[in-house]
Structure formats: C-alpha cells, structure tokens
Amino acid sequence: MSQATILFLIIAAFTGLSAVAVLVSQNIVRSAVWLLFTLAGTSGVFFLLGADFVAATQLLIYVGGILVLVVFGVMLTAQGPFITMKVGAAEWVIASVVGLLLLGVLVMSMPGPEAFGSSEAAPANAQVSSSTQLGETFLGLPGAMPEANVSGLPKTATAVPRTRVSYLLPFEIVSVHLLVVLIGAAYLARAKRRKGGLP
Amino acid sequence: MTEFLSTRLGLAPGLAALLVALIAAVILITFMLLSAIFFVWLERKVSARIQDRLGPTRVGGKFGWLQTLADGLKLLVKEDIIPTNADHMLFRLGPYVALAGSFLAFVALPFGNGVVAQNMDVAVFYMLAVMSSEVFGVILGGYGSGSKWALFGGMREAAQVVSYEVPRAISVLVPIIVAGTMNLSTIALQQTGAFWNWYVFHDPFTFGAFWTFFTCGTASCKRAPFDLAEAESELVAGFHTEYSGFRWLIFFMAEYGSMFAISGIAVLLFLGGWHLGFLPWELSDKIGILGNVINVLVFIVKGWLLVFVMMWVRWTLPRLRIDQVMMTCLRYLLPISCVLLLGVSIWQLLSWQITVLVYANYVLAAVCVAFVAWFTVKLTKAGGVTPTHMMPGAWPAAPASGAPLVPRT
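Structure (structure tokens):
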C-alpha cells in the first residue's frame, strides 16, 4: 500500500467512527463534538486529495457552525448540567429506514472505479482548476461540465452553447432564503422596546 | 530533502516523505514550545516593568531566565484534578483541541524563503481556518468543567470569537487584494526591498487594515483587553477555573503559540515577512543558506516584537466589558474593515489610471518614519516632572492653619 492509501484509511476510519459516535452519544454537546471530528476528518480527506482550498473552507465554515450548535445546545436544552437525550424505539426505526434508503441511493448512483480512470491518464483539462468548472456549471455553460450524473446533461450535449440546466438561479434563491431566515431570526430576537420608555 | 533521503539513503519514497514530515513537525512543535517558554518569561518581565516592579529575578541568574522552567516543573508535579461534576471526556479533550488548532497553523507559516513545512497556495486562509478551531478547545474545556464560571467563560469566548472572525477575515483580504495571492511565501517575496515596499505602507487602506487585523488578532487570541473568557476579576479564572497542572499548561502553550502565529501572519502580510527592510534583494538568493538563517532570525524577531506589543497592550489597557467587546467589533471594527476592503478595491482600480497613486507608499513610509522620529525625540527630550516625593494631585505644601483648603489646580 502506498503512503496515501494508508493515510486515507486512517482518516476514513477516524471519520467513520466519529460519525457513528455522533449517533450513539446521547449528550448533545458530545454529539456536536463528534460531529466536529467527523467534519474535520472530511477536510483531512480533502487535504489528502490536494484540494487545500476546499479543505480550509470546510474547516472554517463547519467549525463556526458547530460552535453555534454547541452554544445553542447548551443554552436551549440544558435544564440541568449535562442533560442526556432519550431516543424512542419508533425514532430509531424511522431513522434507520431513512438512513439505509439514503445509503442505497448513494451506493447505486456512485460511479464505479473505472469512471475515474487510472491516475496516470490525467484528463486533458487538468490545468483548469476545479472551481472554474464548478462556476461554469452553475452558469449553465456546458463546455467544462462533467458528463451526465452530476450536471444532469445528456452525454452528447457538447454542441449546445448554453443549456437550460442552470444552477445559478436556484443557488441564488437559496441564498436569499437564508438571508430571509437571518432577518427573521433577528426580528424575533430583537429587544422589545416599550412605548415612550427607555429601551 | 525527500529526494535526498530516497535516493542517497535508499529509503522508500513514502517512508522518506513520512520522515521529512515528522522532522518538520518536531522542529515546529519545539519552536512553538520554546517560544512559549520565552514568552511566559517575557510577559512576567514586561508586566512587572509596566507595574513598576522587577518581576522574576532569582531563578537562573540576574534576570530570572529560568523562571518559566521552574514554573513548568512545578506544574508537571502538581496534582491533576478532574472535578466529579465534569464531563470527563470533554474535560480531557479540551486542551488538546486547543493545542492542535494552534500547532496546525504553524504548518503553513513560512519562516523564510522556502523555509516552510507545507507551502500552500491558500496558506493564509488555511491558517485562519485552523486557528478558529483553537477556540473550540476553550469552549469544550469551559463546558466540560461542570462549573458555572467555566461555562460563562466558554460561552463568552464563543460569542467573542464568532464576531471577531468576521473583521479579521475582511482585514486579511485587504493586503490579499493588493498581492493577488493567498500564498504567504509569495506575498512576502513581493515585499522584497526597502521597507517602503512593505504592504503596510502600500496605501492608506492597507495601513488601516494592519491595525484592524492586529486588534482582531489580539481578540482572537483572547488577550487583554479582550480576555473576557478568563476575566479573573469576575469569573474566578474563566474557562480554566477547574484546570490544574499539565492540562492548564497546555492551554497556555496554545495561547502563546497562536499569539506568535497571528503575529507571524501580520508580519508576512504587512511588515515585509523575513526581509530586513533595507536590502534591495532577497538575501537567500545572494548568499544561500546563510541568508536563509538570517531570514528566519529576522522573521522570528519581528514576530516577537509584535507579541511584545500584545503584552504591552495587555498590561496597559483595562479589560473591556462583554457588551463593550461586542460593540467594538460590530459597531466599529466591522464597518471600518468593510470600508477598508471597498477602499482598497477602488484604489487598486484607480492606480491603473492615476499613476501618482503608485508612489503613495513613499509618502506613507516617510510620514511614519517622521512620526516615530518625532515621538522618540519628544520622549527623550521631555524631562517629565521632577519627582517631589508626593502623590500626584497632593497638596504642594501644608496649608497654613486656618486657611481654607483649596486643591491645587
């Protein structure tokens, strides 16, 4: 085994075990901590692949996100110190079914190892950075799009200058939606002022 | 070095790479811990001098050089207590998460031309990302202690760091827009030459960004005046109330390590990196390995100077209240850094048309040098007040009996 394989196995085992521990642990803060390790492990995989930017983004965003999760977990749930969550049998069943279905979909849709090609035969557009491809896919420019599975393009769509499958609008709508949620949360959490009185 | 090990010594390439990584890691962690030892001593001396004391004077000679080692020994043999109420796993985990976050930042920190463990294209972004995870250790420790003081400290730290990350990242963007890269080595190499090539003097906006970045960096290292997580006058000792012995020590190694890392980023982005500031060429290109050694020394000294400024600020300014901390960030630093970002973008666009703007760095550098010179002269020439053996504001002389008491104006 090469060095990269060994490192990948270590990181993958760490990530997988942490992911299981997120489910198993009953204390909400502990489970958030395990989630942090899972996401840090994922960013480790990105580092291993040489995608430094994605890895650092993963760290920056999820560490901040989980920070907020922990704060909320402490502030909103803790009646006493170190509260534990009870999970009913029905929830276990539903969650297992949904999880297994998702796993099935992912396994079915995952391309086999031959789809990636061997590592020696680098693709012709290896110089184009991956984020360019992503951006052009968002804009619906099919030139740099990967085939089929991801972009939803038919494999013969090379002649089309610009497809109808553009992800920019949905992406922007989701962003605006997030902004609306933020403003709503700020509105709900605002300090209530009495009429005429001091704030 | 990997090639050397694999070709000359006949090691397998994978093993050689692993060995090189190990050596780099050992060097970095040794540097981090040694500089932490030095900083603790320096902090005690600086605080003592500012408070008109002498500080440690006995252990290891006249200046108390070995005081920190003695402290470390004491902490090693101290009883390591875990409270019964604590969440044991989180309590144990906290210090290591903090140390890991601080140490990982050093991996991408270039100490000289090519003297870097991992030369990343997004080095500064990576460093900010891992340094923000250092805070997690503080919060885990604070929550896991099972003590209300520690919990308060941890939650304050969370609020503070989440807000200060925003202006810190925006101020980092300002020199990055000028440099056009996030690779710290490249940014430092762009500032080769005399000190007016440093990005802090590039234009008024980078000059401002240096101060906002340094302020936010101080806050993100939870240094006073932003050390609300500790706040020993109100929260006993904040997040590390329940820690003792070695785990407590690890928290402080992480803190001093990240102080140097933040200062290192500031030096590389704004203060010319490892360049001396008056040589017109890159030193390591001219005299090889000796130049590299000088570069590393210059970089470390510059980093130490900024750390010294952090200590100076800590022992000079009073601690802010938590609402003042948040107000400083959200009401002042955030708008200021946004304006700086906008300004530098416009400046970069305009300097294509108005070539005069390119020479702004000479003006700024001259103004700064003139200011420092004026200030030094003023400090040395002003005799100050001749000591009178009286408290300030005291009576100049005992009032004559029966005369009304009029305070001196």
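So the sequence lines, in the order shown, correspond to chains E and R.
Take the position in the first sequence, starting the count at 1, then add 43; the result is the number in the working numbering.
Take the position in the second sequence, starting the count at 1, then add 147; the result is the number in the working numbering.
Backbone N, C-alpha and C fix where the C-beta goes; we use that ideal spot for every residue, glycine too.
Next on the checklist: Give me the chain E residues within the contact set of D268 (chain R), using Cβ-Cβ distance strictly less than 9 Å, ordered along the chain.
Outcome noted: Result: D95, F96.
Checklist entry - Does the segment 267 to 277 of chain R touch the segment 329 to 345 of chain R, meaning 3 or more C-beta pairs lie closer than 8 Å? => result yes
Checklist entry - Nearest chain E C-beta to E402 (chain R) closer than 8 Å, yes or no? => result no
Next on the checklist: At the 8 Å Cβ level, is S405 (chain R) part of the contact set with chain E, yes or no?
Outcome noted: no
Checklist entry - Using Cβ-Cβ distances below 8 Å, what residues of the segment 297 to 331 of chain R are close to chain E? => result Answer in chain order: L298, M302, A305, A306, V308, V309, E312.
Next on the checklist: Against chain R, with Cβ distances strictly below 8 Å, would S162 (chain E) count as a contact?
Outcome noted: Low confidence applies here, because S162 (chain E) scores a pLDDT of 47, under 50, leaving its location unreliable; read the following figure in that light. Output row for S162 (chain E): interface = no.
Next on the checklist: Helix, strand or coil for V383 (chain R)? Go by DSSP, reduced to three states.
Outcome noted: coil
Next on the checklist: By alpha-carbon positions, which one of E:L146, E:V113, E:S139 ends up nearest to A75 (chain E)?
Outcome noted: It is E:V113.
Next on the checklist: Would F258 (chain R) and F446 (chain R) qualify as a contact pair, given that the criterion is a beta-carbon distance under 8 Å?
Outcome noted: yes
Checklist entry - Does the beta carbon of I434 (chain R) come closer than 8 Å to any beta carbon on chain E? => result Answer no: the Cβ-Cβ gap between I434 (chain R) and chain E never drops below 8 Å.
Checklist entry - According to DSSP, is V206 (chain R) helix, strand or coil? => result coil
Checklist entry - How about Y91 (chain R): is its C-beta nearer than 8 Å to some C-beta of chain E? => result The structure shown does not extend to residue 91 (chain R), since chain R is modelled only from 148 to 556, so the question has no answer here.
Item to check | L497 (chain R) burial status per 10 Å Cβ neighbour count (16 or more: buried) | outcome: exposed
Next on the checklist: Looking only at its chain, what residues have a beta carbon closer than 7 Å to the beta carbon of M457 (chain R), apart from the 5 residues adjacent to it on each side?
Outcome noted: T365, R370, M406
Checklist entry - V76 (chain E) by DSSP, collapsed to three states: which one? => result helix
Next on the checklist: Given a cut-off of 8 Å on the beta-carbon distance, is the pair L336 (chain R) and N442 (chain R) in contact?
Outcome noted: no
Next on the checklist: Does A167 (chain E) pass the burial test, meaning 16 or more other C-beta atoms within 10 Å, or should it be called exposed?
Outcome noted: Its pLDDT being 48, under 50, A167 (chain E) is placed unreliably in this model, and the value from its coordinates should be taken loosely. With fewer than 16 Cβ atoms within 10 Å of its Cβ, A167 (chain E) is classed as exposed.
Checklist entry - If we cut at 8 Å on Cβ distances, does V46 (chain E) have a partner in chain R? => result Before going further, note that residue 46 (chain E) is Gln rather than Val in the sequence given. Yes - at least one Cβ of chain R is within 8 Å of the one on Q46 (chain E).
Checklist entry - What is the DSSP secondary structure of N266 (chain R), reduced to helix, strand or coil? => result coil
Next on the checklist: Please list, in chain order, the chain R residues whose beta carbon lies closer than 8 Å to that of R261 (chain E).
Outcome noted: There is no way to answer for residue 261 (chain E), as the model of chain E reaches only from 44 to 242.
Checklist entry - Of all the alpha helix (DSSP H) runs that stay within the bounds of the segment 229 to 284 of chain R, which reach a length of 4 or more residues? => result Under the rule that a run must span 4 or more residues, the alpha helix (DSSP H) segments found entirely inside the segment 229 to 284 of chain R read 235 to 254, 270 to 279.
Checklist entry - Using a Cβ-Cβ cut-off of 7 Å (strictly less than) and excluding sequence neighbours within five positions of Q338 (chain R), which residues of its own chain qualify? => result N344, W345, Y346, G419, G420, H422
Next on the checklist: Please report the distance separating the alpha-carbon of W462 (chain R) from that of G355 (chain R).
Outcome noted: Whole-angstrom Cα-Cα distance: 24 Å.
Next on the checklist: Using the three-state DSSP reduction, which class does N442 (chain R) fall into: helix, strand or coil?
Outcome noted: helix
Next on the checklist: Spatial neighbours of F299 (chain R) within its chain, please: C-beta separation below 7 Å, excluding the five flanking residues on both sides.
Outcome noted: L382
Item to check | The alpha helix (DSSP H) enclosing Y403 (chain R), as first and last residue numbers | outcome: 392 to 416
Checklist entry - Quick one: is L166 (chain R) near chain E, going by C-beta distance under 8 Å? => result no
Item to check | N344 (chain R), DSSP secondary structure in three states | outcome: helix
Checklist entry - Measuring CB to CB, does D234 (chain R) end up less than 8 Å from R394 (chain R)? => result no
Checklist entry - What does G161 (chain R) reach in chain E if we use C-beta pairs closer than 7 Å? => result S45, Q46
Checklist entry - Smallest Cα separation from G291 (chain R): which of R:L222, R:Y273, R:A195, R:T388? => result R:T388
Checklist entry - Out of curiosity, what's the CA-to-CA distance linking S431 (chain R) and K449 (chain R)? => result 18 Å
Next on the checklist: So, does the segment 243 to 255 of chain R touch the segment 197 to 208 of chain R, judging by three or more C-beta pairs under 8 Å?
Outcome noted: no
Next on the checklist: Taking 8 Å as the threshold (beta carbon to beta carbon), is V132 (chain E) in contact with chain R?
Outcome noted: Strictly speaking, residue 132 (chain E) in this sequence is Ala, with Val absent from that position. Proximity of A132 (chain E) to chain R, defined by a Cβ-Cβ separation below 8 Å, is not satisfied.
Next on the checklist: Check for me: the alpha helix (DSSP H) holding E377 (chain R) runs from which residue to which?
Outcome noted: First-last for E377 (chain R): undefined, no H or E at that position.
Checklist entry - For a contact meaning CB atoms closer than 8 Å, what does Y243 (chain R) contact in chain E? => result In chain order: nothing, as chain E lies at least about 12 Å away.
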